[in-house]
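To start, the structure under review is shown below, and the notes come after it.
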Amino acid sequence: MAGSAMQRITRSQPWSGQTYTVASGDDCGSIAVSQSVSAGTLITLNNVLPDCTNLEIGQVLCLPERCTTYSVKSGDSCFAIAAATGITFTQLLSYNPALSPTCTNLIAGSNICVSVPDGVVYTPTPFPANMVSGCTTFHLAVDGDYCWLIANDAGIDVAQFQDWDPDVGADYAVWLGYYYCIGVRYR
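Following this line, the structure appears as structure tokens:
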């Protein structure tokens, strides 16, 4: 059966500090659901084939950080999932680093994160070199964007936006296709 586990024991170092040992009948989807993790991140983290046919019974998998998950349905789009779960498209991509920037690899039946994975925030790329560290919310600059519009939509003032994104400069120009910080978690 494609995606089912076969017999062999291997070890890998955990990313979240948690591991999962593959049992008979496991596949990436069932593991992702039972462990509340993104299937794509689980696959990427453990160098598993996209169809999970190289899972083996006894294999120890590194588990990514846990998150609130959403099971992708046929016909779903990243924009629709983001809207339905109260997050932005950019946040959805940052929570799921295995998704392509255009979200063309969204697969029905897979689990994706719709919340920050246990406090871990992935910074989407590309982003300006001097963007503040600790950013938790991002905006992808598109045609027609400018500092005031981005800041206003994010509920922050332009001075705060420029503080977090100093590469914007005095001319208030943003680079199309770059992610800018619009929210920071202070510790």
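Per our numbering: the sequence shown = residues 984 to 1170. Note that CB positions come from ideal geometry on N, CA and C, so glycine has one too.
What residues in its chain sit with their C-beta under 6 Å from that of residue i, if we drop five residues either side in the sequence?
i       : result
Cys1086 : Cys1061
DSSP state of residue i, grouped into three classes?
i       : result
Cys1096 : strand
Ile1139 : coil
Gly1127 : coil
Leu943  : The displayed coordinates of the chain run from 984 to 1170. Any statement about residue 943 would go beyond what the structure contains.
Gln996  : Confidence in Gln996 is poor, its pLDDT being 32 and thus under 50, which makes the residue's placement unreliable; the coordinate value appears in the next sentence. Gln996 falls in the coil class under three-state DSSP.
Arg1170 : Bear in mind that the predicted position of Arg1170 carries a pLDDT of just 36, short of 50, making it too unreliable to give a figure here.
Tyr1155 : coil
Ile1133 : helix
Glu1051 : A small correction: the amino acid at residue 1051 is Thr; Glu does not occupy that position in the sequence shown. Coil, per DSSP.
Roughly how many angstroms lie between the CA atoms of residue i and residue j, to the nearest whole one?
i       : j       : result
Ala1067 : Asn1088 : 19 Å
Ala1156 : Tyr1129 : 6 Å
Gly1166 : Gly1008 : 42 Å
Asp1010 : Ser1019 : 14 Å
Val1005 : Asn1037 : 11 Å
Gln1042 : Asp1150 : 46 Å
Thr1027 : Leu1044 : 11 Å
Leu1075 : Thr1120 : 10 Å
Ser1021 : Asp1126 : 31 Å
Ala1153 : Tyr1003 : 51 Å
Asn1029 : Ala1134 : 38 Å
Ala1142 : Asp1034 : 47 Å
Thr1073 : Ile1040 : 36 Å
Gly1160 : His1122 : 10 Å
Phe1110 : Ile1014 : 33 Å
Leu1132 : Leu1046 : 39 Å
Would you check if the distance between the CB atom of residue i and the CB atom of residue j is smaller than 8 Å?
i       : j       : result
Gly1000 : Asn1094 : no
Ser1077 : Thr1051 : no
Trp1158 : Met1114 : no
Gly1023 : Ala1091 : no
In chain order, what residues of the same chain lie with their CB nearer than 8 Å to the CB of residue i, ignoring the 5 residues before and after it?
i       : result
Val1016 : Thr1052, Ser1054 and Asn1094
Excluding sequence positions up to five away, which residues of its chain have a Cβ less than 7 Å from the Cβ of residue i?
i       : result
Thr1071 : Ala1065
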